[in-house]
Every structure is written in C-alpha cells, then in structure tokens.
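Trainee:
Residue numbers (the working numbering): 46 to 124.
Here it is, written out as structure tokens:
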C-alpha cells in the first residue's frame, strides 16, 4: 500500500504544480479579457496536463488492489 500512497502524493503534488503555474496564468488572462493570452495559457495548461499523464504512464505499474467479492446471495421473491 505504501507504493500506492507514494503515487497519490506524487499526483497531488503534480496537480498542484500545474494549477499554480499554468492555471493561474489562464485565470489572469481571463480576468484581463486578453484573448491571445487566454488561448496561449490554455494551450500551456493542456500541454502540462498531457505531459503529466504521459509521465504517470511511464511510472512503474503498481499491483492492482485485491478483488473483493461483492456478489450478494440471490433471493427469489417470486417463488
């Protein structure tokens, strides 16, 4: 479980970096009604998100959580 927690921490930190860097720029461009800057910063935000997803895909695979048996016994009401 420790590896999964590390991945979650990495993802949260990465998301925070993206929001602080590219998200704030996009917000400011929108507030200033600067169309060119809004387009440029939205592309930067999109690229940062894509790059972080590619980075996450390159991380070592974590084992899947164990499958839980969620099936419940069937009850026949009409019989």
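All C-beta atoms, glycine included, are put in the ideal place defined by N, C-alpha and C. Just so it is clear, the structure is predicted and the values come from calculations on it, not from any experiment.
Can you tell me which of the three DSSP states residue 106 falls into?
Mentor: Numbered from 1 along the chain shown, position 61 holds the residue referred to as residue 106. Correct three-state label for residue 106: coil.
Trainee: Using the three-state DSSP reduction, which class does residue 55 fall into: helix, strand or coil?
Mentor: Start at 1 with the first residue of the chain shown, and residue 55 comes out as number 10. Note: residue 55 maps to helix in three-state DSSP.
Trainee: For the alpha helix (DSSP H) containing residue 70, name the first residue and the last one.
Mentor: The sequence position of residue 70 within the chain shown is 25, counting from 1. 69–76 is the extent of the alpha helix (DSSP H) around residue 70.
Trainee: May I have the straight-line CA-CA distance separating residue 64 from residue 93, to the nearest angstrom?
Mentor: Translated into positions along the chain shown, residue 64 becomes position 19. Translated into positions along the chain shown, residue 93 becomes position 48. Residue 64 and residue 93: Cα-Cα distance of roughly 10 Å.
Trainee: For residue 59, tell me which candidate among 85, 83, 105, 98 has the shortest Cα-Cα distance.
Mentor: For the purposes of this step, residue 59 is identified with residue 14 of the chain shown, where counting begins at 1. Of the listed residues, the one whose Cα sits closest to residue 59 is 98.
Trainee: Under a Cβ-count criterion, where at least 16 other Cβ atoms within 10 Å of its own Cβ denotes burial, should residue 113 be classed as buried or exposed?
Mentor: As a working note, residue 113 is residue 68 in the chain shown. The predicted position of residue 113 is uncertain, since its pLDDT is 47 and thus under 50; no value can be drawn from it.
Trainee: Do you know offhand how far residue 85's Cα is from residue 105's?
Mentor: Residue mapping note: residue 85 aligns to position 40 of the chain shown, counting from 1. Residue mapping note: residue 105 aligns to position 60 of the chain shown, counting from 1. Their backbone Cα atoms lie some 33 Å apart in a straight line.
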